[in-house]
Amino acid sequence: MANSNNNRRKFMATTLQSVGLTALGGLLWSGYSDEVKASPLVLRPPGALPEDDFLKACIKCGLCAEACVNRDSNKNKDGSKRKGTLQIAKGGDHKLIGTPFFIPTDVPCYMCDDIPCVPVCPSEALDISSLLNKEEELDINKARMGLAVVHKESCIAFWGIQCDACYRACPLQGEAITIEHQKNERTGKHAFLLPIVHSDVCTGCGLCEKACVTEKPAIFVLPIEHSTGRAGDHYVKGWDKKDQQRVKNAKEIHTKDERSEKEATDYLNMGVDY
Amino acid sequence: MKNMKYLLLRRLTQFIILSLYFGANAYGWHMLEGTFGSSRLFGFIPLADPYTTVQVLASGFVLGADVLFGALIITIFYMVVGGRAFCSWVCPINMVTDLANWLRRKLNLDREEVNYRFIKRRARYWIMVLGIIVSAVVGVAAFEVLSPITIMQRGIIFGFGAGISVIIAIFLFDLFGVKNGWCGHLCPLGATYSLIGKASLIRVDHNHENCTNCMKCKVVCPENHVLYMVNKESIMVTDGECTNCGRCIDVCDDDALNFSIRNFAKK
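Heads up: the protein sequence lines correspond to chains A and B, in order.
Per this note's numbering, the first sequence runs over residues 6 to 279.
Per this note's numbering, the second sequence runs over residues 192 to 458.
So this is what it looks like as structure tokens:
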């Protein structure tokens with residue numbers, strides 16, 4: 006009897022210990038995993054799911070990077086192989102290890118027509134359907150790897166110096182980056198030729214960032230989540246018929262303050278002597 | 192040389208498999224591409240790590256058919272044929288821990304008084320389950336963020352970076368910490384293959400008649416509790432934790448241990 010009691014106590018104690026140690030491990034492990042997956046400023050291959058889903062889905066096989074570096078077009082003139090665009094994160098890269106990414110200033114994405122990196126993805130972390138056009142063909146122009154942003158204070162074109170390196174490097178020249186002409190008031194007789202990025206076309210390939218002549222690129226690609234703002238649903242473009250549809254069924258809102266009886270013109274002409 | 196047959200065969204297998212993976216990236220070979228997480232054999236047969244697959248599913252993402260089918264192929268292969276053979280015939284960490292274990296014996300670190308035993312062998316099953324739970328909670332395949340197995344494999348294919356420190360840590364842990372600490376106590380992938388391969392066909396068979404009780408096999412075995420029958424009964428090593436490494440067969444001078452095919456009909 007005493008013996009079975011002892012056994013039961015020992016069993017209870019070891020079970021409790023195992024459960025407790027597992028809980029300890031679980032807390033440490035969860036904390037660590039959550040920290041290491043927080044690497045927001047990372048550019049993913051074309052067709053990558055939104056970062057949160059991508060981190061779940063990517064099985065870290067590296068097939069995309071292997072397809073990228075071994076594509077036929079990735080050769081120097083003498084036939085030797087060039088470095089690929091896609092790298093696989095390793096310890097010290099401060100990105101979730103094993104996942105693919107690219108750094109435009111190192112090697113940008115050359116936007117291959119056949120997109121070798123995407124169809125090989127076995128886990129569908131790179132979503133091929135997001136890159137199909139109306140004819141169901143692969144279309145790299147549909148990729149949204151990021152969005153280029155111009156820092157106008159360091160862009161020498163904004164200083165009035167003639168430079169259109171990014172415009173010329175852009176694979177969607179005249180669509181993703183256009184040049185806007187503006188009068189240079191400082192000299193009075195020159196023009197600014199300003200690069201303007203269009204976020205509905207820019208794929209985030211990074212060729213502009215690679216081409217930029219400033220010491221630290223004045224045009225650079227950020228993940229779309231980080232290079233865009235959001236006006237919010239409560240702003241409605243009253244001049245846009247389609248946007249106006251959004252408030253078609255809106256209910257009248259009663260405000261606390263009395264509505265002014267005056268017309269808008271009364272306000273504008275206030276204090277003006279005729 | 193006589194007592195190194197399976198050791199050399201294993202090293203050769205590991206070397207060939209890792210070379211094929213390396214060549215897929217470096218030279219564009221299409222024999223075996225990818226990493227253990229998911230691979231392509233001969234350019235079209237998908238393969239995938241069953242434990243990784245379960246973690247990704249637990250994290251809340253429904254994987255592509257290639258991975259699911261690949262995981263099924265691998266599971267069936269080890270379930271029917273190899274048992275835990277992945278651990279000793281494929282996994283690159285095996286080379287690290289085998290080296291640590293060999294050094295342990297040479298440096299007399301195996302003596303009872305310096306052998307820490309603060310981890311139980313069954314810890315790996317808790318870690319295996321925990322890995323799936325953490326994957327679900329955090330939303331990322333939890334073991335894959337720190338797995339030394341794929342860190343080492345990717346290191347060989349794509350370059351190590353700071354990841355080499357993880358490999359050194361495993362080596363030091365196995366050498367100075369717990370004997371067979373990683374592969375025999377902690378590794379959740381090994382635990383997964385132990386469960387998958389429980390009923391696999393290729394097994395080590397013990398012939399009690401030939402045994403001289405020299406215990407060389409138990410000294411060299413990384414999971415030596417599976418050899419409980421040595422010099423007691425003529426039965427097969429049926430424990431799923433046996434890695435089918437064949438070291439016991441190599442070191443046996445008396446032909447008391449051999450690979451054999453499990454015969455379910457005989458039972």
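Here a beta-carbon is modelled for each residue, glycine too, at the ideal position from N, C-alpha and C.
Under a CB-based cut-off of 9 Å, is residue i close to chain B?
| i | result |
| --- | --- |
| A:N75 | yes |
| A:I64 | yes |
| A:A53 | no |
| A:E71 | yes |
| A:V47 | no |
| A:K82 | no |
| A:V125 | yes |
| A:T90 | no |
| A:E129 | yes |
| A:G96 | yes |
| A:Y37 | yes |
| A:S134 | no |
| A:K42 | yes |
| A:K15 | no |
Is residue i close to chain A, meaning its C-beta is less than 9 Å from at least one C-beta of that chain?
| i | result |
| --- | --- |
| B:F252 | yes |
| B:W317 | yes |
| B:I284 | no |
| B:K458 | Its pLDDT being 48, under 50, B:K458 is placed unreliably by the model, and nothing is read from it. |
| B:A332 | yes |
| B:A390 | no |
| B:R231 | yes |
| B:V245 | no |
| B:V328 | yes |
| B:T288 | no |
| B:E424 | no |
| B:Y242 | no |
| B:I324 | yes |
According to DSSP, simplified to helix, strand and coil, what is residue i?
| i | result |
| --- | --- |
| A:V277 | coil |
| A:K80 | strand |
| B:D396 | strand |
| A:Q22 | helix |
| A:K86 | strand |
| B:I452 | strand |
| B:Y307 | strand |
| B:G273 | helix |
| B:T204 | helix |
| A:E141 | coil |
| A:K194 | coil |
| A:S44 | coil |
| B:A327 | helix |
| B:G171 | Given a span of 192 to 458 for chain B in the structure shown, any question on residue 171 of chain B remains unanswerable. |
| B:K458 | Any answer about B:K458 is weak, because its pLDDT of 48 lies below 50 and its placement is not dependable; what the coordinates show is given next. Here B:K458 sits in coil by DSSP. |
| A:P200 | strand |
| A:K247 | helix |
| A:I182 | strand |
| A:V206 | coil |
| A:V112 | coil |
Below 8 Å on the Cβ atoms is my contact criterion, and I expect residue i with residue j to pass it. Report the Cβ-Cβ distance as a whole number of Å.
| i | j | result |
| --- | --- | --- |
| A:K100 | A:F107 | Going by Cβ atoms, the distance from A:K100 to A:F107 rounds to 11 Å, so no, they are not a contact pair. |
| B:G381 | B:R275 | 7 Å |
| B:I387 | B:M270 | 5 Å |
| B:R438 | B:L198 | 6 Å |
| B:T204 | B:W280 | 5 Å |
Return the first residue and the last residue of the beta strand (DSSP E) that residue i is part of.
| i | result |
| --- | --- |
| B:R231 | 229 to 232 |
| B:E224 | 223 to 226 |
Where does the unbroken alpha helix (DSSP H) through residue i begin, and where does it stop?
| i | result |
| --- | --- |
| A:F59 | 56 to 62 |
| B:I236 | Looking at the DSSP string, B:I236 is not in any alpha helix (DSSP H); the run it does join, the beta strand (DSSP E), is 236 to 239. |
| A:L152 | Element bounds for A:L152: not the alpha helix (DSSP H) but the beta strand (DSSP E), 152 to 155. |
Quick one: does the C-beta of residue i sit closer than 8 Å to a heavy atom of the ligand NAD?
| i | result |
| --- | --- |
| A:E220 | By its list of ligands, the structure shown contains no ligand whatsoever, and the ligand NAD lies outside what it can speak to. |
Whole beta strand (DSSP E) runs in the segment 212 to 236 of chain A with 3 or more residues, listed along the chain? List check, beta strand (DSSP E) in window: 224 to 227.
Sequence ranges, alpha helix (DSSP H) only - wholly within the segment 386 to 450 of chain B, length at least 4: Those alpha helix (DSSP H) runs which fall completely within the segment 386 to 450 of chain B and span 4+ residues are 407 to 411, 438 to 442.
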